[in-house]
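Chemist: Just so you know, the numbering used here puts 103 at position 103 of the sequence shown, and the rest follows in order with no gaps.
For every residue, glycine included, the Cβ atom is placed at its ideal position computed from N, Cα and C.
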Amino acid sequence: MKKIISIVLSLVMLVSASALTINAFAEVQSPSSITPGSKITVEVNGNTSKDVTYKADPDDPAIITFTYTGTGTLEGWEFNGMVEGVDYQVVSEDGNSITFELINDYNGDIDANALVDKDSEGTKGNGKGKSPKTGAAAATGLAAAGAGAAILLALKKREDAE
1 MKKIISIVLS
11 LVMLVSASAL
21 TINAFAEVQS
31 PSSITPGSKI
41 TVEVNGNTSK
51 DVTYKADPDD
61 PAIITFTYTG
71 TGTLEGWEFN
81 GMVEGVDYQV
91 VSEDGNSITF
101 ELINDYNGDI
111 DANALVDKDS
121 EGTKGNGKGK
131 SPKTGAAAAT
141 GLAAAGAGAA
151 ILLALKKRED
161 AE
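In structure tokens, the structure reads:
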């Protein structure tokens with residue numbers, strides 16, 4: 001009986017530790033590169049945000065479309081460290097999206113900043129303070145760890161009583 005309980009407890013602890021480890025890496029994202037040596041950073045009002053997405057043209061990676069997906073009112077775009085007409089040229093602007101093309105063999109970093117009316121950002125904001133969508137796994141892992149600890153404690157008290 002003790003062997004079976006030990007095996008079950010080991011499995012519970014393994015599952016618990018695995019669930020918590022997965023959550024630790026859930027929010028880690030590496031920047032994507034368009035050209036060798038360049039990376040893209042997306043921001044809203046100067047703060048890193050998930051409310052801006054981007055996609056390079058599959059036929060020409062020098063053409064990149066940025067889209068603001070937040071709830072605020074987009075007022076414009078700025079590309080910090082880049083000069084329009086020297087490093088890039090705007091191909092089109094449509095609603096909350098802008099498409100530009102890198103020119104003159106530009107291969108530096110790209111910092112796309114969506115300028116959003118701060119009063120219209122609503123509750124979504126710039127994504128800061130939001131937890132990753134892995135709360136269910138964290139709760140399950142903690143519950144399993146707690147159950148394992150409770151079983152272990154009960155068995156320990158039972159052994160001490162005998």
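Give me the Cβ distance between I63 and T99, rounded to the nearest whole Å; I'm assuming they're in contact under 8 angstroms.
Modeler: The residue you call residue 63 lines up with position 63 of the sequence shown. The residue you call residue 99 lines up with position 99 of the sequence shown. Yes, I63 and T99 are in contact; Cβ-Cβ is about 6 angstroms, under 8 angstroms.
Chemist: Can you look up S6 in the DSSP assignment and give me helix, strand or coil?
Modeler: Along the sequence shown, one-based indexing puts residue 6 at 6. Three-state result, S6: helix.
Chemist: Give the straight-line distance between the Cα atoms of K156 and L9, rounded to the nearest whole angstrom.
Modeler: Counting from 1 along the sequence shown, the entry for residue 156 is found at position 156. Counting from 1 along the sequence shown, the entry for residue 9 is found at position 9. Approximately 13 angstroms, taken between the alpha carbons.
Chemist: State yes or no: is the C-beta of Y88 within less than 8 angstroms of the C-beta of L74?
Modeler: Numbered from its first residue, the sequence shown carries residue 88 at position 88. Numbered from its first residue, the sequence shown carries residue 74 at position 74. It is not a contact, given that the beta carbons lie outside the stated cut-off.
Chemist: With DSSP collapsed to three states, give me the class of K39.
Modeler: The residue given as residue 39 occupies position 39 in the sequence shown. K39 falls in the coil class under three-state DSSP.
Chemist: So for N126, helix, strand or coil by DSSP?
Modeler: Taking the sequence shown and counting its residues from 1, the one referred to as residue 126 is at position 126. With a pLDDT of 44 at N126, under the threshold of 50, the predicted position of this residue should be treated as unreliable, though the coordinate-derived value follows. Coil.
Chemist: Output the boundary residues of the beta strand (DSSP E) element that contains Y106.
Modeler: For the purposes of this step, residue 106 is taken as the residue at position 106 of the sequence shown. No beta strand (DSSP E) contains Y106, which DSSP labels as neither H nor E.
Chemist: If we count Cβ pairs, one from each stretch, closer than 8 angstroms, do we get three or more for the stretch 78-97 versus the stretch 111-118?
Modeler: Because the criterion of three Cβ pairs below 8 angstroms is met, the stretch 78-97 and the stretch 111-118 touch.
Chemist: A144 to E159, Cα distance in whole Å?
Modeler: As a first step, residue 144 must be located in the sequence shown, where it is residue number 144. As a first step, residue 159 must be located in the sequence shown, where it is residue number 159. Roughly 23 angstroms between the two C-alpha positions.
Chemist: Classify G72 as buried or exposed, calling it buried when 16 or more other Cβ atoms lie within 10 Å of its own Cβ.
Modeler: The count along the sequence shown starts at 1 and reaches residue 72 at position 72. So G72 ends up on the buried side.
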